[in-house]
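Report on the structure given below.
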Amino acid sequence: MGGLLLSVPLMAAAQDDVIANGPQASVTQSDIVALLKAAGDEGRARLAADPAAMDQVVRASLAQKAVLAEAKANGWDKQADVQQAIEQARRDIIARSYLASVNAPPADYPSDAEIQSAYEKNRAAFTVPRALRVAQICVAVAPDADAAAVDKARKQAADLANRARGGDFAALAKANSQDAASAVNGGDLGFVPETMLLPAVRQAADALKPGQVSAPIRTATGFHVVKLIDTRPAAPRPLADVKERLRTMLRAQRTQQNAQAYLAKLGGDAPINEDALKKALATAR
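Spelled out as structure tokens, the structure:
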């Protein structure tokens, strides 16, 4: 699925091959191209990095098309309330797209100076949190473990912590850690934003200096022995990294402001028949 995302321009011009086929519907390349275009640049990038999520998008599209086919076969789309909802959605789409068109700011908005100003005002929003590079040795404890099993795991973790302080932490992690994903890397978790660490782990790591090893830390999954490798202070992301995001945000804000003024001009001063409005409210109950 990753290759699918990297070749969207080619797909549009290629044969409309079937990507997934079910008993009631199928999903084609053009279906997925439309979904990917609607997802925007960031959405496409996330899906490109996550083949499982992309597969889920395909399956969800297949299920939706199957439901739609079944509903149409049963004449569901002909029901009065469904027709009314379809018409309302059609009107809403036309109005929204037209408003966006007539109220879009000029192509050169925002200027580089306006983007710089927005960046300075929102610098905190673009700050990457402080991160800790930690390694761990995990001794797992089952949720339903009895006191004896918990005590055994605690003693094992304490022994590993003592050995790690004067030995090769990575080798001990590879041989003993029960967290398979990190064990293969010598327990190294890489740089982790401090906000993503379990509170107990973060508290223990904050008390360490680089190279030091913690006492066993109890969590819901067992005991963890943590080594602090390095720290990285919080820092704002460079303007270059967020410039396009800011440009999109400012254009959306200006479009909304223009649309509000446009709508106020069209209907803001129109007189309202309050008696007729009350009758409408009573009828709708």
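Reading the sequence shown from the start, the letters are residues 1 to 285 in the UniProt record's numbering.
Just so it is clear, CB atoms sit at the ideal spot from N, CA and C, and this is done for glycine as well.
All of these numbers come straight from a predicted model, not from anything done at the bench.
Where residue i sits in the DSSP three-state scheme
i, result
"A276", "helix"
"T195", "helix"
"residue 289", "In the structure as shown, the chain begins at 1 and stops at 285. Residue 289 is therefore absent and cannot be evaluated."
"D269", "coil"
"D146", "coil"
"V141", "coil"
"P51", "helix"
"residue 287", "The requested residue 287 is not part of the displayed model; the chain covers only 1 to 285."
"A284", "coil"
Candidates the options, of which the one nearest residue i by Cα
i, options, result
"N162", "E120, H224, K265", "H224"
"P106", "A145, T283, Q260, T255", "T255"
"V139", "A145, R133, A153", "A153"
"R251", "G166, A131, A118", "A118"
"F126", "R237, L246, A276, T283", "R237"
"P143", "R59, L99, A220, V128", "A220"
"Q24", "K72, V33, L197", "K72"
"L246", "G22, I93, D112", "D112"
"D168", "D92, G211, V201", "G211"
"V242", "A66, E120, Q84, A38", "E120"
"N103", "D92, A39, R90, A259", "A259"
"residue 302", "A69, G222, Q156, E87", "Outside the shown range of the chain (1 to 285) lies residue 302, about which nothing can therefore be said."
"L132", "L239, Q203, R59", "Q203"
"L208", "M196, T231, T195", "T231"
"T195", "R130, S214, T248", "R130"
"A240", "A175, R123, L266, R285", "R123"
Own chain, CB closer than 7 Å to residue i, minus 5 neighbours either side, in chain order
i, result
"L172", "I137, L160, R163, A164"
"S26", "V18, A20"
"K278", "none"
"V134", "L189, V192, A205, V226, K227, L228, I229"
"L198", "T219"
"A158", "P216"
"D31", "S61"
"V58", "I19, A20, V27, I32"
Beta-bridge pairing of residue i - partner residues as DSSP gives them
i, result
"V18", "T28"
"Q56", "Q56 is not bridged to any residue."
"L226", "Note on identity: in this sequence residue 226 is Val, with Leu being the wrong assignment. According to DSSP, V226 bridges with Q136."
"residue 374", "The question about residue 374 has no answer, for the chain in this structure spans 1 to 285."
Spatial neighbours of residue i in its chain, beta-carbon cut-off 6 Å, leaving aside the 5 residues before and after
i, result
"G187", "A135, Q136, I137, A173, S177"
"A12", "Caution applies to A12, whose pLDDT of 42 falls short of 50 and renders its modelled position unreliable; the model cannot decide the point."
"G22", "L62, A66"
Beta-carbon proximity list for residue i, same chain, < 8 Å, skipping 5 on both sides
i, result
"L263", "L99"
"V128", "P193, A234, A235, P236, R237"
"L5", "Low local confidence applies: a pLDDT of 34 at L5 is under 50, so the model's placement there is unreliable, with the coordinate-based value given in what follows. Taken in chain order, the residues that qualify are L36, R44, L47, A48, M54."
"I272", "none"
"V150", "V141"
"S182", "A135, Q136, C138, A173, D188, L189"
- Curious, which full-length beta strand (DSSP E) runs of at least 3 residues does the region 149 to 224 contain? The region 149 to 224 is shown to contain whole beta strand (DSSP E) runs of 3 or more residues at 188 to 193, 217 to 219, in chain order.
- Task: With a floor of 4 residues, list each alpha helix (DSSP H) that falls wholly inside the region 59 to 137, ordered by position along the chain.
- Result: 80 to 102, 112 to 121, all fully within the region 59 to 137.
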